[in-house]
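Chains X and L, in that order, are what the protein sequence lines are. Heads up: the first sequence runs through residues 1 to 357, numbered per the numbering used here. Heads up: the second sequence runs through residues 358 to 518, numbered per the numbering used here. Here a beta-carbon is modelled for each residue, glycine too, at the ideal position from N, C-alpha and C.
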Amino acid sequence: MSVQDILDDESELTHLLGGQQAVVLSTRIRLARNLEGMPFPGWAKVPQRKEISERCVDALNDLPKFRRGHVLRMGELADRDRAVLVERHLVSKELAAGKSGAAVISRDQTCSVMINEEDHLRIQVVKAGWHLRGTWNIAEQLDDALGAHLKLAFSDRLGYLTACPTNVGTGLRASAMVHLPGLCLAGHMDKVSRALNQDGLAVRGWLGEGTEAAGNVFQISNQQTLGLSEDAILKHLGGWIKNVIEQEWNARRKLAQDEGERFLDRIARSAGVLRSARLLTSSEAMNMLSHLRLACDMGCIPEERRHIVDRLMIEGQPAHVQARAGEELDSDGRDRRRAAVVREALRDLPELVPPTA
Amino acid sequence: MSKPLKCSLCEEAATVHLSQVVHGKVTKVHLCEACAQKGGATDPAVFQLADALTAATPAAPTITCPQCGFTDIDFRKRGRLGCPSCWETFGDVLGGLLAKVQHEPEHVGRAPAGVLPAAQLRRRLTAARLEMEKSISAEDYELAARLRDEIATLEKQLTPS
Chain X
1 MSVQDILDDE SELTHLLGGQ QAVVLSTRIR LARNLEGMPF PGWAKVPQRK
51 EISERCVDAL NDLPKFRRGH VLRMGELADR DRAVLVERHL VSKELAAGKS
101 GAAVISRDQT CSVMINEEDH LRIQVVKAGW HLRGTWNIAE QLDDALGAHL
151 KLAFSDRLGY LTACPTNVGT GLRASAMVHL PGLCLAGHMD KVSRALNQDG
201 LAVRGWLGEG TEAAGNVFQI SNQQTLGLSE DAILKHLGGW IKNVIEQEWN
251 ARRKLAQDEG ERFLDRIARS AGVLRSARLL TSSEAMNMLS HLRLACDMGC
301 IPEERRHIVD RLMIEGQPAH VQARAGEELD SDGRDRRRAA VVREALRDLP
351 ELVPPTA
Chain L
358 MSKPLKCSLC EEAATVHLSQ VVHGKVTKVH LCEACAQKGG ATDPAVFQLA
408 DALTAATPAA PTITCPQCGF TDIDFRKRGR LGCPSCWETF GDVLGGLLAK
458 VQHEPEHVGR APAGVLPAAQ LRRRLTAARL EMEKSISAED YELAARLRDE
508 IATLEKQLTP S
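Have a look at this one:
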């Protein structure tokens, strides 16, 4: 099993027909777990990290969820393959940067477990669209199954013990990847971000901490992990996401109404460029694909095209473009190749109609 | 030219400079690009970790984890702990930090299978003992008697068979 198989397989986020939704691209649950009696990866010696990795991989291999899955050791992968995994959110930049990390990824790519990142185990479950409870249920089952195989570091008073004090307790980070072109175009995003921050939620860019929000895509997640039950954390996030979805729709409808023809013109221009450009930079593609996704949500383009836009947002990233080409490309080469992939995918895009939503 | 500042977390040259004013007192943190990105300098929860870093760093470690050899100086440098036992070793240092970045100081969520009943029973036992004391002060003897029975049952359940 290799990174190429991951690219070739149909995954939930890139190919699932009908699973895509307006506003929320995906729901993610992450649980931080550690083995009892072993130093955390950042402090462990090389042989200890190796032992941790072996024990975790063995335990995961026994779980039905990872049958016919992928076991990828970062030290054995080419730079480009590691970058592809980061762009897919299957591993973090931190894991990809080190040599002793590994990732075990389920066949359908919905579950991935990072080993020897900041904690011994980082269980991640991702579903396309907004499915907080469903995603949580899968993570909970995985956690139980893993707990039956491994003795996890846990304290009655502090819960699951983690390397960083910001993760202790539940070790839970629940997040939604949201597409907010309406709030961005209306200039309300700063205000929304501040409100979320003040109520204990973090707002980050497309690739997580410290990245900018290309394509009006943001990741919203809980900050606190101790002193709140998992249920309370999910309810808090869920309530806010519902609120953000509503505000985003209000902003879109107001924009469509106020701008009239200009609203459709903006989308049509982006569609025109995407369908005929010969060179497309990654951020240019993301921002124009964002307009196209908005068009799908607003009824300007049939909704069943949305999954193509979502796939291009993922596969238009630099490492994906090169992996698909099967060779290292310079910046112009990548932009040329990206433009070709986008043109091909949008070849039979129907004529845009005025918004109906 | 003044000497370039070093990152508070590693030895690289610092390019990100954060200032925080708390009760009129200015504290400054200097970070290199990589640590600032990694630590999420824009992330309020992590930013508060900087508070812990700005406190005066003692020259020699005062606490060392008997399990893994991690010291309080290591924690100030990294903002991460050495091993699960460090949570007990550095309990006092961490208590203040947790109060700042977390909701409450005690876990109320899930536990690994088998641990759950014991943890819950112990918590209930502590609560019941407190409630009983209160009910006696309030001269509510009926409630106190009920609690006394509950405590006895809990204690029995917690005794290893």
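Helix, strand or coil at residue i [DSSP, three-state]
i	result
serine 53 of chain X	helix
valine 46 of chain X	helix
alanine 417 of chain L	coil
lysine 363 of chain L	strand
alanine 176 of chain X	strand
alanine 78 of chain X	coil
arginine 73 of chain X	strand
alanine 163 of chain X	coil
leucine 373 of chain L	Residue identity differs from the one stated: residue 373 of chain L is valine in this sequence, not leucine. Residue state, collapsed to three classes: strand.
valine 273 of chain X	helix
leucine 7 of chain X	helix
valine 386 of chain L	strand
glycine 238 of chain X	helix
serine 2 of chain X	coil
alanine 402 of chain L	Note that alanine 402 of chain L has pLDDT 49, beneath the 50 cutoff, so the model's placement of it is unreliable and the number below is only indicative. If DSSP states are grouped into helix, strand and coil, alanine 402 of chain L belongs with the helices.
serine 155 of chain X	strand
glycine 171 of chain X	coil
arginine 253 of chain X	helix
aspartate 62 of chain X	coil
arginine 67 of chain X	coil
serine 282 of chain X	helix
leucine 228 of chain X	coil
glutamine 514 of chain L	helix
glutamine 247 of chain X	helix
leucine 289 of chain X	helix
glycine 260 of chain X	coil
leucine 294 of chain X	helix
arginine 150 of chain X	For the sequence presented, residue 150 of chain X should be read as leucine rather than arginine. Leucine 150 of chain X falls in the coil class under three-state DSSP.
Own chain partners of residue i with C-beta closer than 8 angstroms, once the 5 adjacent residues on each side are dropped
i	result
alanine 59 of chain X	Leu146, His149, Leu150
leucine 359 of chain X	Here chain X has residues from 1 to 357 only, and residue 359 of chain X is not among them.
Own chain residues within Cβ distance below 7 angstroms of residue i, not counting five before or after
i	result
glutamine 377 of chain X	Lying before the first or after the last residue shown, residue 377 of chain X is absent from chain X, which here runs from 1 to 357.
glycine 101 of chain X	Met74, Leu95, Met114, Ile115, Asn116, Glu117
alanine 456 of chain L	Pro462
glycine 134 of chain X	Lys127
serine 365 of chain L	Val386, His387, Leu388, Leu410
arginine 82 of chain X	Met74, Ala96
lysine 65 of chain X	Ser106, Cys111, Leu142
arginine 293 of chain X	His179, Arg306, Val309
histidine 139 of chain X	Sequence check: residue 139 of chain X is alanine here, not histidine. Cβ within range, chain order: Ile29, Leu31, Ile123, Val125.
isoleucine 233 of chain X	Thr170, Leu172, Ala174, Asn222
arginine 334 of chain X	Pro318, Val321, Gln322
Same chain, Cβ closer than 6 angstroms to residue i, neighbours up to 5 away in sequence not counted
i	result
glutamine 124 of chain X	Arg30, Ser112
arginine 278 of chain X	Ala339
leucine 500 of chain L	Ser492
aspartate 119 of chain X	Ala32, Asn34, Thr162, Ala163
serine 221 of chain X	Arg173, Ser175, Ala202
glutamate 507 of chain L	Ala485
threonine 421 of chain L	Thr428
Members of the segment 157-170 of chain X that neighbour chain L once the beta carbon cut-off is set at 7 angstroms: Residues are counted here when their Cβ sits less than 7 angstroms from a Cβ of chain L; for the segment 157-170 of chain X these are Arg157, Leu158, Gly159, Leu161, Ala163, Cys164, Pro165, Thr166, Gly169, Thr170, given in chain order.
Enumerated in chain order, which unbroken segments of the beta strand (DSSP E) with a length of 3 residues or greater are wholly contained in the segment 420-504 of chain L? Within the segment 420-504 of chain L, no complete beta strand (DSSP E) run reaches 3 residues.
Give the list of continuous beta strand (DSSP E) stretches no shorter than 3 residues that lie fully inside the segment 81-145 of chain X. 102-105, 111-115, 121-128
Which full runs of the beta strand (DSSP E) of 3+ residues lie inside the segment 297-357 of chain X, going along the chain? none
In chain order, each beta strand (DSSP E) run of at least 3 residues that lies wholly inside the segment 19-43 of chain X: 24-33
Anything in the segment 469-493 of chain L with a Cβ closer than 7 angstroms to a Cβ of chain X? List those residues in chain order, please. Pro469, Ala470, Val472, Ala476, Arg479
Where the segment 225-255 of chain X meets chain L: residues whose CB sits under 9 angstroms from a CB there: Thr225, Leu226, Gly227, Leu228, Ser229, Glu230, Asp231, Ala232, Ile233
Along the segment 125-153 of chain X, where does the CB come closer than 7 angstroms to a CB of chain L? Name the residues. Asp144, Gly147, Ala148, Leu152, Ala153
Taking 8 angstroms as the threshold, find out whether the segment 22-36 of chain X comes into contact with the segment 176-190 of chain X through three or more Cβ pairs. yes
Taking the runs of the beta strand (DSSP E) that are 3 residues or longer, which of them lie wholly in the segment 186-221 of chain X? For the segment 186-221 of chain X, whole beta strand (DSSP E) runs of length 3 or above, ordered along the chain, are 201-204.
Please name the residues in the segment 36-51 of chain X whose beta-carbon is closer than 9 angstroms to at least one beta-carbon of chain L, in chain order. Glu36, Gly37, Met38, Pro39, Phe40, Gly42, Trp43, Ala44
Please identify, using Cβ separations under 8 angstroms, the residues of the segment 106-122 of chain X that lie next to chain L, in order along the chain. Listed by position, the residues of the segment 106-122 of chain X near chain L (Cβ gap below 8 angstroms) are Glu118.
Where the segment 265-287 of chain X meets chain L: residues whose CB sits under 8 angstroms from a CB there: none
Relative to chain X, which residues along the segment 457-468 of chain L have a C-beta separation below 9 angstroms, given in chain order? Val458, Gln459, His460, Glu461, Pro462, Glu463, His464, Val465, Gly466, Arg467, Ala468
Are there three or more Cβ pairs, one per stretch, closer than 8 angstroms when the segment 312-332 of chain X is compared with the segment 246-259 of chain X? no
Could you list the residues in the segment 433-446 of chain L with a C-beta less than 9 angstroms from some C-beta on chain X, going in chain order? Arg435, Gly436, Arg437, Leu438, Gly439, Cys440, Pro441, Ser442, Cys443, Trp444, Glu445
Count the CB pairs spanning the segment 230-244 of chain X and the segment 265-276 of chain X that are closer than 8 angstroms, and state whether there are at least three. Fewer than three pairs of CB atoms, one per stretch, sit closer than 8 angstroms, so the segment 230-244 of chain X makes no contact with the segment 265-276 of chain X.
Residues in the segment 175-195 of chain X having any Cβ partner in chain L nearer than 9 angstroms: Those would be none; no residue qualifies.
Pairs of beta-carbons, one from the segment 344-352 of chain X and one from the segment 298-307 of chain X, closer than 8 angstroms: are there three or more? Yes, the segment 344-352 of chain X touches the segment 298-307 of chain X.
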